[in-house]
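Inspection log for the structure reproduced underneath, given as structure tokens.
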Amino acid sequence: MPRDTSATIAFVESPVQLLNVLEWAHSTRPLLNGVPAQRSGPQDAAAAHDDLTVVVLSPTDPMSRGQLRRMAELAREEGMRVRWEEARGGPTAPLRTIGGLSSLLRRADRIVIGDPFSRYVQLLLTVARARDLVVVDDGTATMEFVAQLGSGERLVRWHRRGSRPGARDLIFAPFAASARRRLTPARGRTVEVFSAMPVQAPEAVTVTPNTFGWTRARFGPPRLTKGADMVGTSLVETGVVDPERYLEAVAALARTHGVTRYFAHRRESPEKLRTLHLRTGLEIVRPDLPLELIARRGPVGRTVLSFPSTVVHTLPPALAGTGVRVLACDIDPGWLTEKASPRARGFLADVTGTARDAHGLRMVAA
């Protein structure tokens, strides 16, 4: 059982969140306990992160769990203590998990979270007494979180925004409201957002850019292949994009740009991926680590295509200086389903538009 002495606790529920905790710790290493950023071996790594415990609130889907276990290994190699919680292992798991973490939470001086929209995290924040809070990237959701924090709105994921709250939303509303207050800077309480996304934070919120310094120092540079790669998206699985339109778009882009490999999102369904392979002949790759690490480790195509997703903002800095070109493909409004929220069209356009402005990405049409 890990010692309950950490000054900093990080809660993660996805591989990308754990990657960005590693990036945050790398960027702030001199501030954690005075240890210099440069280290020469495992003992230095352990000393640098001696006051940081990562708590993995494990999801249920196999792909996410597999990637999280790999990321947990990397975190341990960096000297972090990792505590794995089967937080969704049955109806009593949440109460058992929160009860087991209560002592650790009350002693923490700083809390790092990857998903402020998570009901689990919102419940945990009601127990915490930490005065310093850090939100690390959970992909494009960070953009929506910062916007909602600035406008004083309730915390709701972008693809559900505009829809009527359900019964569970109403039950958790008090916890969500409490979490939003905790994530708002006040006297004696600081809030930092560590992000590779273009965010305009409200006054008193500190924004620290994520430049993927740890990823670039740890992996690569990659070997480049002649063909192009495509990054998959879970927009079909979340009900935003029509499945048939998505398959048609992937096929068209693959023909036009010479795509040979398709890097599946960890939430894409096996049925959709089988259909995609049969229609296009693309090699389907199920990464065992977040794509930023897979691409940096290589091999990777000289051209990488992506629909609106986090990677149009994270791959350019992660692959800086490698010669890889990232192309972004907008989502045509005609691809959206009837279930897509009113916010979906504008949000997806913002993701690619801001990537074009920030990184000079070229836009392509399917």
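Per this note's numbering, residue 30 is the first one in the sequence shown, and the count goes up by one each step. Beta carbons: idealized from backbone N, C-alpha and C, even for Gly.
Item: So Trp113 is in the beta strand (DSSP E); what residue range does that whole segment cover?; Value: Arg110 to Glu114
Item: With respect to the alpha helix (DSSP H) encompassing Ala39, which residues constitute its N-terminal and C-terminal limits?; Value: Segment Thr37 to Val41 is the beta strand (DSSP E) holding Ala39; no alpha helix (DSSP H) there.
Item: Could you name the residues of the same chain whose beta carbon sits closer than 6 Å to that of Ala39, not counting the 5 residues immediately before and after it, in chain order?; Value: Val50, Val83 and Val141
Item: Does DSSP classify Val185 as helix, strand or coil?; Value: coil
Item: When the distance is taken between beta carbons, is Gly310 closer than 8 Å to Arg331?; Value: no
Item: Which residues in the same chain have their Cβ closer than 7 Å to the Cβ of Trp243, if we skip the five residues on either side of it in sequence?; Value: Leu51, Glu52 and His55
Item: In three-state DSSP terms, what is Lys368?; Value: coil
Item: Can you give me the Cβ contacts of Val341 inside the same chain, cut-off strictly under 8 Å, excluding the 5 residues immediately before and after it?; Value: Ser335, Val355, Ala357, Val380, Thr381, Ala384, His388 and Leu390
Item: Report, in whole angstroms, the separation of the C-beta atoms of Pro145 and Ala208, which I expect to be a contact under 8 Å.; Value: 7 Å
Item: For Ala257, list the residues DSSP reports as bridge partners.; Value: Val288 and Thr332
Item: Give the straight-line distance between the Cα atoms of Pro231 and Ala369, rounded to the nearest whole angstrom.; Value: 28 Å
Item: Mind checking Gly287: buried by the 16 CB within 10 Å criterion, or exposed?; Value: exposed
Item: Would you mind reading off the limits of the alpha helix (DSSP H) that contains Thr343?; Value: Val340 to Ala347
Item: Measuring only the C-alpha atoms, how far is Pro319 from Thr289?; Value: 20 Å
Item: Would you grab the beta carbon distance between Phe241 and Thr339 for me? Rounded to a whole angstrom, and I think it's under 8 Å.; Value: About 12 Å separates the two Cβ atoms, so there is no contact after all.
Item: How long is the line joining the alpha carbons of Ser147 and Arg125, rounded to whole angstroms?; Value: 17 Å
Item: Give me the Cβ distance between Leu130 and Leu153, rounded to the nearest whole Å; I'm assuming they're in contact under 8 Å.; Value: 7 Å
Item: Roughly how far, in whole angstroms, is the beta-carbon of Asp138 from the beta-carbon of Ala157, given that I think they are within contact range, below 8 Å?; Value: Not quite, the Cβ-Cβ distance comes to about 10 Å (not below 8 Å), so this is no contact.
Item: So which of Leu212, Gly327 and Leu162 has the shortest CA-CA distance to Leu184?; Value: Leu212
Item: Could you tell me the distance, in whole angstroms, from the CA atom of Thr37 to the CA atom of Glu102?; Value: 19 Å
Item: In this structure, how does DSSP classify Phe223 when only helix, strand and coil are distinguished?; Value: strand
Item: Considering Val236, what are the terminal residues of the beta strand (DSSP E) in which it resides?; Value: Val234 to Pro238
Item: Would you mind giving the Cβ-Cβ distance between Arg274 and Trp364, rounded to the nearest angstrom? I have them listed as a contact below 8 Å.; Value: 4 Å
Item: What is the DSSP secondary structure of Asp386, counted as helix, strand or coil?; Value: helix
Item: Tell me which residue opens and which closes the beta strand (DSSP E) that Thr267 is part of.; Value: Premise fails: Thr267 is in no beta strand (DSSP E) and is neither H nor E.
Item: Just reading off the alpha helix (DSSP H) that Arg325 is part of, what are its end residues?; Value: Leu320 to Arg326
Item: To the nearest angstrom, how far is the alpha carbon of Thr235 from that of Leu47?; Value: 20 Å
Item: Straight-line CA distance for Pro203 to Gly143?; Value: 20 Å
Item: May I have the straight-line CA-CA distance separating Glu114 from Tyr149, to the nearest angstrom?; Value: 12 Å
Item: Hey, would you say Pro362 sits closer than 8 Å to Arg372, going by beta carbons?; Value: no
Item: What distance in whole Å lies between the Cβ atoms of Thr171 and Met226, which are believed to be in contact at a cut-off of 8 Å?; Value: 5 Å
Item: In angstroms, rounded to a whole number, what distance separates the CA positions of Glu221 and Asn239?; Value: 12 Å
Item: DSSP has Ile142 in a bridge; who is on the other side?; Value: Phe40 and Val164
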